[in-house]
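S.K.: After the structure tokens below, expect a handful of questions from me.
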Amino acid sequence: MTLEQIFATRAARLKASEIRELLKLLDQPDILSFAGGIPDPSLFPAEAFSKAFSEALTPSRQAQALQYSVSEGYLPLRRWLVNHMETIGVPCTVDNILITSGSQQALDYLGKLFLSPGDTALVGWPTYLGALAAFNAYEPVYDRLRIGTNRAPADYIAAAEAAGGRIKFAYLSADFSNPTGETVDHAGRERLLDQAETMDCAVIEDAAYQALRYDGAPVPPILALEIARKGTIEACRTIYCGSFSKTLSPGLRVGWVVAPQPVIRQLVLLKQAADLHSSSINQIAIHTVAERLFDSHVAELRSVYQRRRDAMLDALARHMPDGVTWTQPEGGMFVWLTLPEGQDGAALLARSLESVKVAFVPGRAFFADGSGANSLRLSFSCASEPTIEEGMKRLGVLLREGKLA
Ligand code: PMP
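Those letters in the sequence shown? Residues 14 to 418, per our numbering, in order.
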């Protein structure tokens, strides 16, 4: 017997992420990378954090900063979040909020809370790879979430029953999604809520990029629209996952969940069992920095990332050959490219790294059914405008060569 032979069945669903492998390429200086969907480290509010951490470690505060704390999360941070959620149209109380170690942990807990093996999770084709990774361990069946198309909720329900379970939730990042950069508009969000009512399932709203809007009118969070329908968060089926990773720092691993109290209470029990609570000192530092500069810092991020987004869209328009199409994101970090049918993003990456030294993420990894080979994700968050111009030019040359070959 080897230990591998006695792993639980769920271990078979865990596989190495193509993205993690690719992130290693960022270390090679000669590669122009548009692969990692990470914030630009030169924009971190490092000085503000340095000050916040030293304040948290002064003699009067260090016991709290270095000690165990409550599973629900640091109360002043939850209070700050109540206020923040109010400003984006979500009235709630501290009892509706759980602090998590990044929103990634929230996705894991929600999978654990809702999915029995064989239950159906509705996800976009494509969707956030990390959500698939988080849910996979709970052995779900995936079905394609199509918002407001003609596929009847009854068909979704029948498919879930045939697969041996029921539909538990629809998961989506509705604002500037990872990987496509697209946003579900107001009408689409209302239709999704109608569909969820008929299918009687939860909605997991992943709001990781919500604060990073560069143009266009803000669309209310799905949870805000549902509260407007039902009068109180306690009657809602939407679970909102927020994160400080794209606004303040991903390394501190602080995110949050907003949900009706019975859901939060259950998530608190999961958190107690998993890691007791998120880092005390990191929550304190995030709170201090958020209180001092969240709005001004986000405004600065928006202006820098907007210029990079513009540079990428402009360069794509000039350098891509006919037959290649791409999204027009109003925010976030990503542009999604679709190549002519029959072309393969992974093969293109291999050629690209070798001949033009440009990295991106092939699209297939983002599809629960393994389709989407002719797509790829480009991230503009970490590259300067001249690098974006050079990278898109090289990619254009490569794609033209590919067509001729
Ligand atoms: N959701 C989406 C859509 C993401 O892109 C990411 C990170 N790339 C996460 C959630 C997880 O982020 P974190 O755990 O850092 O909050």
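We put the CB at the ideal spot given by N, CA and C, even for glycine.
On a predicted model such as this, the values are computed, not experimentally measured, just so you know.
According to the Cβ coordinates, are A183 and V232 closer than 9 Å?
M.R.: Translated into the one-based positions of the sequence shown, residue 183 becomes position 170. Translated into the one-based positions of the sequence shown, residue 232 becomes position 219. No, these two residues do not count as a Cβ contact at 9 Å.
S.K.: Flag this pair as yes or no: are the beta carbons of T113 and K284 separated by less than 9 Å?
M.R.: Within the sequence shown, the letter at position 100 stands for residue 113. Within the sequence shown, the letter at position 271 stands for residue 284. Yes, Cβ-Cβ distance for T113 and K284 is below 9 Å.
S.K.: Ordered along the chain, which non-local residues of its own chain (more than five positions away) have a Cβ less than 8 Å from that of L417?
M.R.: In the sequence shown, counting from the first residue as 1, residue 417 sits at position 404. Note that L417 scores a pLDDT of 40, beneath 50, so its modelled location is shaky; the value from the coordinates is reported in the next line. Once the five neighbours on either side are set aside, L417 has no close Cβ partner at all.
S.K.: I'd like the list of long-range same chain contacts for V276, defined as Cβ closer than 7 Å, with 5 residues on each side in sequence excluded.
M.R.: Numbered from its first residue, the sequence shown carries residue 276 at position 263. Only I252 meet the Cβ criterion.
S.K.: Which two residues bound the contiguous alpha helix (DSSP H) that contains L306?
M.R.: Locating residue 306 in the sequence shown gives position 293, counting from the first residue. From DSSP, the alpha helix (DSSP H) with L306 extends over 293-332.
S.K.: Taking C-alpha atoms, which residue in A363, I297, L261, E304 lies nearest to F314?
M.R.: Indexing the sequence shown from 1 puts residue 314 at position 301. Sequence inspection shows Leu at residue 314; the Phe mentioned does not correspond to that position. Minimum Cα distance to L314 is reached at L261.
S.K.: What does R204 pair with, by DSSP beta-bridge criteria?
M.R.: If you number the sequence shown from 1, residue 204 lands on position 191. DSSP lists no partner for R204.
S.K.: Is the beta carbon of L90 sitting closer than 9 Å to the one on I297?
M.R.: For the purposes of this step, residue 90 is taken as the residue at position 77 of the sequence shown. For the purposes of this step, residue 297 is taken as the residue at position 284 of the sequence shown. A contact, by the Cβ cut-off of 9 Å.
S.K.: Output the distance between the C-alpha atoms of I44 and Y81, rounded to the nearest integer angstrom.
M.R.: The sequence position of residue 44 within the sequence shown is 31, counting from 1. The sequence position of residue 81 within the sequence shown is 68, counting from 1. I44 and Y81: Cα-Cα distance of roughly 43 Å.
S.K.: List in chain order: all unbroken alpha helix (DSSP H) runs of 4+ residues lying wholly within the segment 49-122.
M.R.: Segments of the alpha helix (DSSP H) lying fully in the segment 49-122: 59-69, 75-79, 88-100.
S.K.: Can you check which of these residues, V136, G143, L94, Q41, is closest to D382 by C-alpha distance?
M.R.: What you label residue 382 is simply residue 369 of the sequence shown in a count that begins at 1. D382 has its Cα closest to that of V136, out of V136, G143, L94, Q41.
S.K.: Just mark D288 as buried or exposed, buried being the case when its beta carbon has 16 or more other beta carbons within 10 Å.
M.R.: Walking along the sequence shown from the start, residue 288 turns up at place 275. The residue in question, D288, is exposed, as its Cβ has fewer than 16 Cβ neighbours within 10 Å.
S.K.: Among D121, K259, P104, Y155, which has the Cα closest to the Cα of P54?
M.R.: Here residue 54 corresponds to residue number 41 of the sequence shown, with the count starting at 1. Per the Cα distances, K259.
S.K.: Using only Cβ atoms and a threshold of 6 Å, which residues come within that distance of a heavy atom of ligand 1? Order them by chain position.
M.R.: Answer in sequence order: G50, G115, S116, Q117, Y141, G143, S186, N191, D219, A221, S256, S258, P263, G268.
S.K.: Less than 9 Å between the beta carbons of S365 and L411, yes or no?
M.R.: Indexing the sequence shown from 1 puts residue 365 at position 352. Indexing the sequence shown from 1 puts residue 411 at position 398. Cβ atoms of S365 and L411: closer than 9 Å.
S.K.: What did DSSP end up calling S256 once you bin it into helix, strand or coil?
M.R.: For the purposes of this step, residue 256 is taken as the residue at position 243 of the sequence shown. The answer is strand: DSSP assigns S256 an E or B state.
S.K.: On the three-state DSSP scale, how would you describe G383?
M.R.: Translated into the one-based positions of the sequence shown, residue 383 becomes position 370. Residue state, collapsed to three classes: coil.
S.K.: Run through the DSSP bridge pairs and tell me what D219 is partnered with.
M.R.: Start at 1 with the first residue of the sequence shown, and residue 219 comes out as number 206. Bridge partners of D219: C254.
S.K.: What number of angstroms, rounded off, separates the C-alpha of R250 from the C-alpha of R266?
M.R.: In the sequence shown, the residue the question calls residue 250 occupies position 237. In the sequence shown, the residue the question calls residue 266 occupies position 253. Between R250 and R266, the C-alpha separation is close to 26 Å.
S.K.: Measure the Cβ-Cβ separation of A209 and I246 and say whether it is below 9 Å.
M.R.: Translated into the one-based positions of the sequence shown, residue 209 becomes position 196. Translated into the one-based positions of the sequence shown, residue 246 becomes position 233. No, the pair does not count as a contact, with Cβ atoms beyond the cut-off.
S.K.: So A224 is in the beta strand (DSSP E); what residue range does that whole segment cover?
M.R.: Along the sequence shown, read from residue 1 onward, the residue named residue 224 stands at position 211. Per DSSP, A224 belongs to no beta strand (DSSP E) and is neither H nor E.
S.K.: Threshold first: 3 residues or longer. Then list the beta strand (DSSP E) segments lying entirely within the segment 163-210, N to C.
M.R.: Counting only runs of 3 or more, we get 180-185.
S.K.: Among E403, R321, T196, L408, which one has its Cα closest to the Cα of L389?
M.R.: Taking the first residue of the sequence shown as position 1, residue 389 is located at position 376. Answer by Cα proximity: L408.
S.K.: Determine the burial state of H199: buried for a count of at least 16 other Cβ atoms within 10 Å of its Cβ, exposed for fewer.
M.R.: Locating residue 199 in the sequence shown gives position 186, counting from the first residue. Classification of H199: exposed, given that the 10 Å Cβ count is below 16.
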